[in-house]
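Student: Take a look at this one; I'll ask things after.
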Amino acid sequence: MANFVHIPEVKELARKTPIEIFPDPKIAVVLTNQQSGATNTPTIKIGDTVVIGEKIADAKERVSAPMHSPISGTVIKIENAYNSCFETPTEAIYIENDGKKTKGKPLTSITEAELASTKNEDLLKIIREAGIIGLGGAGFPTSVKLAVPADKKIQTLLVNGAEGEPYDTADERIMIERTANLVRGVRVVRKLLGNPAVIVVTKESKTEAVPKLQEAFSKEPNTEVRATHLTYQQGDAAMMQKAILGYETPSGKRSYEMGTIVQNVATINAIANAVFDGEPLISRVTTLNGDVPKPKNLQVKIGTPIKDILSANNVNLSTLDSVVVGGVLMGTALQTPNAPLTKRTSSIICFAKNKTKNVQQTTACIHCGRCVSACPVRLQPIAIYNAVTKGDFAKAEKLCAQDCIVCGTCSYVCPARLPLAYNVKMAKQ
Ligand code: SF4
Ligand code: SF4
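Per my numbering: the sequence shown = residues 12 to 440.
This is how it looks when you write it as structure tokens:
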């Protein structure tokens, strides 16, 4: 059993900051692919006018999630832009804002009273058509995740409100400010899963969110809010299952095969918006934190260039060493600030030049073994790193690189500053 490494939260300022609506971009850069699964293709062409919420890219395959226009305006070009989901440039639809905020027809939705009588396949269709993917970072299409095979009985739904990543507080603010919506969303997920027990899992350090959750869920049947001490690593779905329910998912199996589904709160919030209000996923809450004048949480349209968010918040790009999106441990350093916000951008964390001066200097491995003892899934990160750097992916597979939860702890503890997690992730992919 790994000893979980303590990683400071660094959330004090941002967690107290209510969600602010960020203005719509002048030009939205909507990456056509932000999900794992099949590749979307544009359903519009250059010169078309689009309205808010209109579908602009989709795929026919089951494991997919469409993209929608976050603004109203004109499609001015379709070309590659840096995609932080895949750490490479991919196709994007550029939409020039006409400033009219013209809304499209809402998606098909239902009332809360209709939930019990609505077929699961219809609920899954709404979630699919809304373009909802795992907003905790995984990016897996939610309509596929929640379509559990009929012969698999789900005993427990774990609502993941742990938000383990340091600096990130977007989920915490959703739990504080959108608690009633979370209750609505949990009812939908629960219905889809055949009415399992629900445990809303959060950390005891989220002192404002905990009483709100307890009150909001107090009348829900067979539902518990569990505010407990969780390490950063236990925010991961598999680690949370182990921490809360006491059992692991064996290598090669999925958590639903063990009777558990873990669903992040931001995704549940999006499900409620889609099912009851007909809203496609065109914006998300993200945390701006790190070396910024005012750490905060923003509701931002998908496709807003990160540099627009930084400049509107008085962050001077020339003073920054790096901007990390999607979590400092599990996310990725942006290769360009022109990159747009994606469905997976749970946070935008800035690091000033003077603070990171020495961080990237790597040295040879000193065989201290810290990466091995810190890995929560008991991998040998240095051995996998050595295999990957030699191009020996077969060996990396033998070393179970595919079981990596991409938590970044090995890199965090390594005194030689080796990019262990990056290489294990490469092997896993
Ligand atoms: S990133 Fe992967 S290899 Fe590294 S500590 Fe986390 S689970 Fe282990
Ligand atoms: S933590 Fe770093 S230095 Fe220590 S054994 Fe692992 S790779 Fe080598």
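Yeah, the Cβ is synthetic: ideal placement off N, Cα and C, and Gly gets one too.
What is the DSSP secondary structure of I151, counted as helix, strand or coil?
Tutor: According to the sequence provided, residue 151 is Phe. The question's Ile does not apply to it. It is coil, neither helix nor strand.
Student: Use the C-beta contact count for T347: other C-beta atoms within 10 angstroms, 16 or more gives buried, fewer gives exposed.
Tutor: With fewer than 16 Cβ atoms within 10 Å of its Cβ, T347 is classed as exposed.
Student: For a test of your reading of the model: does the CB of A49 fall under 7 angstroms from any non-hydrogen atom of ligand 1? Yes or no.
Tutor: No, the Cβ of A49 stays beyond 7 angstroms of every heavy atom of ligand 1.
Student: What residues in its chain sit with their C-beta under 7 angstroms from that of K307, if we drop five residues either side in the sequence?
Tutor: Excluding sequence neighbours, K307 sits near A25, T28, E31 and L299.
Student: I'd like the list of long-range same chain contacts for L241, defined as Cβ closer than 8 angstroms, with 5 residues on each side in sequence excluded.
Tutor: Cβ within range, chain order: A173, G175, V212, K214, M251 and A254.
Student: Expressed to the nearest angstrom, what Euclidean distance is found between the alpha-carbon atoms of E140 and P387?
Tutor: Going from the Cα of E140 to the Cα of P387 covers about 36 angstroms.
Student: Is L118 helix, strand or coil by DSSP?
Tutor: In the structure shown, L118 sits in coil (DSSP, three-state: anything other than H, G, I, E or B).
Student: Counting beta carbon pairs with one atom in the segment 162–170 and one in the segment 267–280, are three or more of them shorter than 8 angstroms?
Tutor: Segments in contact, yes.
Student: If you draw a straight line from the C-alpha of A427 to the C-alpha of A375, how long is it?
Tutor: Rounded to whole angstroms, A427 to A375 spans 6 angstroms at the Cα level.
Student: Shortest alpha-carbon distance to R237 belongs to which of I282, V339, L328 and V221?
Tutor: Among I282, V339, L328 and V221, the Cα nearest to that of R237 is on V221.
Student: How far does the beta strand (DSSP E) with V211 in it extend, from its first residue to its last?
Tutor: A208 to K214 is the span of the beta strand (DSSP E), which, as asked, contains V211.
Student: Could you tell me which whole alpha helix (DSSP H) segments of length 4 or greater appear in the segment 177–207?
Tutor: Within the segment 177–207, the complete alpha helix (DSSP H) runs of at least 4 residues are 181–188 and 190–203.
Student: Count the C-beta pairs between the segment 197–207 and the segment 175–185 that are closer than 8 angstroms, then say yes if the count reaches three, no if not.
Tutor: The segment 197–207, when compared against the segment 175–185, does not touch it at the 8 angstroms Cβ threshold.
Student: On the CB-based measure, 16 or more other CB atoms within 10 Å of its CB, does L328 come out buried or exposed?
Tutor: So L328 ends up on the exposed side.
Student: Note down the Cα distance separating T113 from A161, rounded to an integer number of angstroms.
Tutor: Roughly 41 angstroms between the two C-alpha positions.
Student: How about Q45 and R389: do their beta carbons lie closer than 8 angstroms?
Tutor: Not in contact: Q45 and R389 (Cβ atoms no closer than 8 angstroms).
Student: Along the chain, which unbroken stretches of the alpha helix (DSSP H) at least 4 residues long are found entirely within the segment 125–149?
Tutor: Counting only runs of 4 or more, we get 131–140.
Student: Checking 8 angstroms against the spacing of the C-beta atoms, do I317 and A350 come in under that value?
Tutor: In contact: I317 and A350 (Cβ atoms closer than 8 angstroms).
Student: Pick from Q225, A385, G64 and I293: whose alpha carbon is nearest that of F33?
Tutor: Of the listed residues, the one whose Cα sits closest to F33 is I293.
Student: When you measure from the CB of L146 to every non-hydrogen atom of ligand 2, does any distance come out below 7 angstroms?
Tutor: No - ligand 2 has no heavy atom lying nearer than 7 angstroms to the Cβ of L146.
Student: Would L309 and T373 be called neighbours here (beta carbons separated by less than 8 angstroms)?
Tutor: Contact: no.
Student: Quick check on the burial criterion: 16 or more other C-beta atoms within 10 angstroms. Buried or exposed for A405?
Tutor: Answer is exposed; the Cβ neighbour count stays below 16.
Student: Quick check on R26: does DSSP put it in helix, strand or coil?
Tutor: Helix, per DSSP.
Student: I believe I87 touches A285 by the beta-carbon criterion, under 8 angstroms. Please report the beta-carbon distance rounded to the nearest angstrom.
Tutor: Not confirmed; about 28 angstroms, so no contact.
Student: If I follow the unbroken beta strand (DSSP E) through Y93, where does it start and stop?
Tutor: Residues G84 to N94.
Student: Quick one: using the 10 Å Cβ neighbour count with 16 as the cut-off for buried, is N192 buried or exposed?
Tutor: Burial call: buried.
Student: Alpha carbon to alpha carbon, how far is P81 from G148?
Tutor: Each residue's Cα considered, the two are about 20 angstroms apart.
Student: Could you spell out where the beta strand (DSSP E) holding F362 opens and where it closes?
Tutor: Run containing F362: S358 to A363, per the beta strand (DSSP E) assignment.
Student: Have a look at A68, G84, V435 and D69 and flag the residue whose alpha-carbon is nearest the alpha-carbon of V62.
Tutor: The option with the nearest alpha carbon to V62 is G84.
Student: If we ignore side chains and look at the alpha-carbon of each, how far apart do G115 and G145 end up?
Tutor: Approximately 24 angstroms, taken between the alpha carbons.
Student: Check whether the Cβ of L340 lies closer than 7 angstroms to any heavy atom of ligand 2, and answer yes or no.
Tutor: Answer for L340: no, Cβ out of range of ligand 2.
Student: Can you name the start and end residues of the beta strand (DSSP E) that R237 belongs to?
Tutor: Counting along the chain, the beta strand (DSSP E) containing R237 begins and ends at T234 to T239.
Student: Rounded to the nearest angstrom, what separates I89 and D69 at their Cα positions?
Tutor: Between I89 and D69, the C-alpha separation is close to 15 angstroms.
Student: Using a Cβ-based criterion (distance less than 7 angstroms to any ligand heavy atom), does G419 qualify as near ligand 2?
Tutor: The answer is no for G419.
Student: For L135, I'd like the list of residues in its chain whose CB is within less than 8 angstroms of its CB, leaving aside the five on either flank, ordered along the chain.
Tutor: For L135, where only same-chain residues beyond five positions count, the Cβ hits under 8 angstroms are S154, L157, A158 and L203.
Student: Count the other CB atoms within 10 Å of the CB of N171; is the residue buried (16 or more) or exposed (fewer)?
Tutor: Looking at its Cβ environment, which holds 16 or more other Cβ atoms inside 10 Å, N171 is buried.
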